[in-house]
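Novice:
Residue numbers (this note's numbering), protein chains in the order written: chain A, 117 to 227; chain B, 7 to 123.
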């Protein structure tokens, strides 16, 4: 158990819908990362937050957004969902500049 | 540019065989880290090791060992006497650095290891 929690574990929704994925980092970790794992693209970095502020952006679509709250949990919002958004979404946390520990992931299926 | 290449897509071995997973990286940083993660069939990503570019000594942890060679930009992972429970996808990863500290990871495509009884 990495200490990072993600909810929900599975999510099935329809095209055009909007979903929110939630991540709680390990106790004391200020940095949260979101990654997407799909069959064709592999593991790709989406976005990083550090202590509530956006720190880095990767290949995140404009339809996706994220935030980190004062209690350090983070949410990834995916809107206008398309079939291609079906993937495993991971959250990872770390103290800044240290190894990242990954949550169990949320498997999103868009039908 | 930062890049990680895992040329072996899939490897299949019989239990008790030794197996080496290859990782070749490209980086413009003079100081960097390298990581290996394991993703078992259950799907979670499990941290295995982090190495600093300053330290080229081989690392051994039980049946696992890592060979880091800066001259060939490689960070290979060997499992000795493989077991069925080692069946997983293994990822090599390289972090970007920004603002003077480690940031997000660049992952290789992964190597799927199947260990048959």
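Note that the Cβ used here is the ideal one computed from N, Cα and C, for glycine as well.
#1: Which chain E residues sit within Cβ distance under 8 Å of residue 182 of chain A?
#2: Any C-beta of chain B sitting closer than 7 Å to the C-beta of residue 215 of chain A?
#3: So, is the C-beta of residue 168 of chain A closer than 7 Å to a C-beta in chain B?
#4: For the segment 61-76 of chain B against the segment 167-186 of chain A, are there 3 or more C-beta pairs whose distance is under 8 Å?
#5: Skipping 5 residues on each side, what residues in its chain have a beta carbon closer than 6 Å to that of residue 154 of chain A?
#6: Residue 90 of chain B by DSSP, collapsed to three states: which one?
#7: Along chain B, in chain order, which residues have C-beta atoms closer than 8 Å to that of residue 152 of chain A?
#8: Mapping the DSSP letters down to three states, classify residue 177 of chain A as helix, strand or coil.
#9: Got a sec, what are the start and stop residues for the beta strand (DSSP E) residue 109 of chain B sits in?
#10: Quick one: which unbroken beta strand (DSSP E) runs of 3-plus residues sit fully inside the segment 153-197 of chain A? Chain order, please.
#11: Quickly, what does DSSP pair residue 80 of chain B with across the bridge? List them, please.
#12: Which one of B:22, B:31, B:66 has the shortest CA to CA distance from residue 114 of chain B?
#13: If you pair each beta-carbon of the segment 147-162 of chain A with each one of the segment 206-215 of chain A, do three or more pairs fall below 8 Å?
#14: Grab me the residues of residue 128 of chain A's own chain with a C-beta within less than 7 Å of its C-beta, minus the 5 sequence neighbours each way, in chain order.
#15: Across the segment 172-185 of chain A and the segment 16-29 of chain B, are there enough close Cβ pairs to call them in contact, namely three or more that are closer than 8 Å?
#16: Using a cut-off of 8 Å between C-beta atoms, extract the partners of residue 164 of chain A located in chain B.
#17: If residue 38 of chain B and residue 56 of chain B are in contact, beta carbons under 8 Å, what's the gap, nearest whole angstrom?
#18: To the nearest angstrom, report how far apart residue 112 of chain B and residue 97 of chain B are at their CA atoms.
#19: Could you pull the start and end residues of the beta strand (DSSP E) that residue 65 of chain B belongs to?
#20: From the DSSP output, in three-state form, read off residue 51 of chain B for me.
#21: Run down chain A in chain order and give the residues with a C-beta less than 7 Å from the C-beta of residue 68 of chain B.
Specialist: According to the structure data:
#1: In the structure shown, chain E cannot be found, because the protein chains are A and B.
#2: yes
#3: no
#4: no
#5: 203
#6: helix
#7: Ordered by position in chain B, no residue passes the 8 Å Cβ test against residue 152 of chain A, which lies about 11 Å from the chain.
#8: coil
#9: 107-113
#10: 158-166, 169-173, 180-184, 190-194
#11: B:30, B:75
#12: B:31
#13: yes
#14: 225, 227
#15: no
#16: 109, 110
#17: Rounded, the Cβ-Cβ distance is 11 Å, inconsistent with contact.
#18: 10 Å
#19: 65-67
#20: coil
#21: Ordered by position in chain A, no residue passes the 7 Å Cβ test against residue 68 of chain B, which lies about 19 Å from the chain.
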